[in-house]
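Numbering (this note's numbering), first residue to last: 7 to 108.
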């Protein structure tokens, strides 16, 4: 009985977590005045969790990959439009961490 109760608690506690863990990739080869702190502040305002996983910056290329957890579904639209306001040449991609190709 205890095992069954623990399984039920585990199942219902995980079902309340939104499936919104994403990898966010931001790339640009146009503008060289990109401020990573501005991007991180924007992400923190719209995400429950933000972790920078990869950062590459050179004279002609910028790439940052973040692991994020969106606050809600609308956060995706807000992030996309807000990032493009920072730099209209950003290439932005969102990848759901939970899904696999195989």
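From the three backbone atoms N, C-alpha and C, an ideal C-beta is built for every residue, glycine too.
Are residue 102 and residue 28 closer than 7 Å when you measure CB to CB?
Contact: yes.
Beta-carbon contacts of residue 82 that lie in its chain and below 7 Å, excluding the five residues immediately before and after
Here residue 82 has 76 and 100 as same chain residues with Cβ atoms under 7 Å from its own Cβ, once five neighbours each way along the sequence are excluded.
Using CA coordinates, which residue listed in 67, 50 and 53 is at the minimum distance from residue 39?
Comparing Cα positions, the closest option is 67.
Hey, residue 60 and residue 69 are a contact pair by Cβ (cut 8 Å); roughly how many whole angstroms apart?
Going by Cβ atoms, the distance from residue 60 to residue 69 rounds to 7 Å, so yes, they are a contact pair.
Separation of residue 45 from residue 88, as counted between CA atoms:
Near 9 Å, if we compare the C-alpha coordinates of residue 45 and residue 88.
Give me, in chain order, the residues of the same chain whose beta-carbon lies closer than 6 Å to that of residue 57; leave out the 5 immediate sequence neighbours on both sides.
Hits under 6 Å: 73.
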